[in-house]
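Notes follow once the structure below has been shown.
Numbering (UniProt numbering), first residue to last: 1 to 118.
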């Protein structure tokens with residue numbers, strides 16, 4: 001529960017809905033854990049039973065992020081790490097091109113496909 005308490009402390013003033021995604025491990029189904037989420041207005045998202053692919057897009061993103069901005073670097077404070085993650089997410093969505101998106105960033109590709117559909 002220490003990690004959950006820390007997450008609650010960090011996100012308590014967040015203007016957006018806070019979501020925690022987990023597998024269906026027994027610890028995440030305990031009444032005490034579920035109650036703490038509800039009491040703090042946190043939405044619980046769980047993978048479907050026996051389906052490890054539910055969270056694969058985020059697992060892929062975090063793997064790429066760790067390779068490109070985290071491994072081999074030492075962050076001196078939580079704030080420095082938080083800023084690096086924020087900067088990386090902006091870069092990933094707006095500047096980093098992907099071959100499977102025909103050489104566009106995710107935002108560019110979304111805009112392009114929206115215009116094509118219109």
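Just so you know, even glycine gets a beta-carbon here, dropped at the ideal spot from N, CA and C.
Legend entry - Host beta strand (DSSP E) of residue 19 (start-end): Translated into positions along the chain shown, residue 19 becomes position 19. 18 to 22 is the span of the beta strand (DSSP E), which, as asked, contains residue 19.
Inset, instruction - At 4 residues or longer, and completely inside the stretch 21 to 100: list those alpha helix (DSSP H) runs for me, N to C. - result: 26 to 29, 31 to 39, 56 to 65 and 78 to 94
Inset, instruction - State the Cα-Cα distance for the pair residue 40 and residue 47, rounded to the nearest angstrom. - result: As a first step, residue 40 must be located in the chain shown, where it is residue number 40. As a first step, residue 47 must be located in the chain shown, where it is residue number 47. Rounded to whole angstroms, residue 40 to residue 47 spans 21 angstroms at the Cα level.
Legend entry - Span of the alpha helix (DSSP H) around residue 5: Here the question's residue 5 lines up with position 5 in the chain shown. First-last of the alpha helix (DSSP H) with residue 5: 2 to 11.
Inset, instruction - Indicate whether residue 65 and residue 88 have their beta-carbon atoms separated by less than 7 angstroms. - result: Residue 65 sits at position 65 when you count from the first residue of the chain shown. Residue 88 sits at position 88 when you count from the first residue of the chain shown. A contact, by the Cβ cut-off of 7 angstroms.
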